[in-house]
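Structure, as structure tokens:
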């Protein structure tokens with residue numbers, strides 16, 4: 001009698017496919033999070049632009065030197081926030097280099113899946 005055989009482990013190509021799919025899913029989640037952050041930053045940028053315009057008007061209308069000093073400090077704070085947001089927005093939402101490998105993996109494995117499907121369909125005689 002032969003000892004029972006351990007169940008076969010998935011072929012390395014299946015492991016690679018699963019790892020690639022998991023990596024693409026992680027990349028998609030990261031991309032969605034970054035997109036949400038960009039939308040939020042753009043909205044905040046618009047609000048800060050409005051505040052900046054209002055503070056500039058208030059500085060022109062201010063009569064006392066004390067209120068002008070306070071408004072100028074607020075103006076500098078708003079400008080610093082705007083600069084931070086602009087730096088965040090200037091960083092790319094995504095770069096082709098970071099997605100290129102995942103894109104080609106999806107194309108390769110997706111194409112491979114279609115070909116295997118055609119072969120299986122033709123072998124079963126349903127084609």
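In our numbering, the protein residues as written are 1 to 127.
Built from N, CA and C at the ideal position, the CB exists for glycine as well.
This one's a predicted model, so the numbers in the text were calculated from it and none came from an experiment.
The alpha-carbon separation between residue 121 and residue 109 amounts to approximately 18 Å.
A contact between stretches requires three or more CB pairs, one per stretch, nearer than 8 Å, and the segment 30 to 45 meets this requirement with the segment 77 to 85.
If you look at residue 73, you'll find it in the alpha helix (DSSP H) that goes 65 to 90.
Taken atom to atom, the span from the alpha-carbon of residue 14 to that of residue 25 is near 16 Å. The DSSP-derived three-state label of residue 30 is helix. The three-state reading of DSSP puts residue 117 in helix, counting H, G and I together. The straight-line gap separating the alpha-carbon atoms of residue 70 and residue 40 is approximately 28 Å. Contact annotation: the segment 25 to 38 does not touch the segment 52 to 66, with fewer than three C-beta pairs closer than 8 Å. In terms of Cα proximity to residue 49, the closest of 32, 74 and 28 is 74. Note on residue 29: under 16 other CB atoms within 10 angstroms of its CB, so exposed under the neighbour-count rule. Scanning 52, 59 and 61 for the CA closest to the CA of residue 81 turns up 52.
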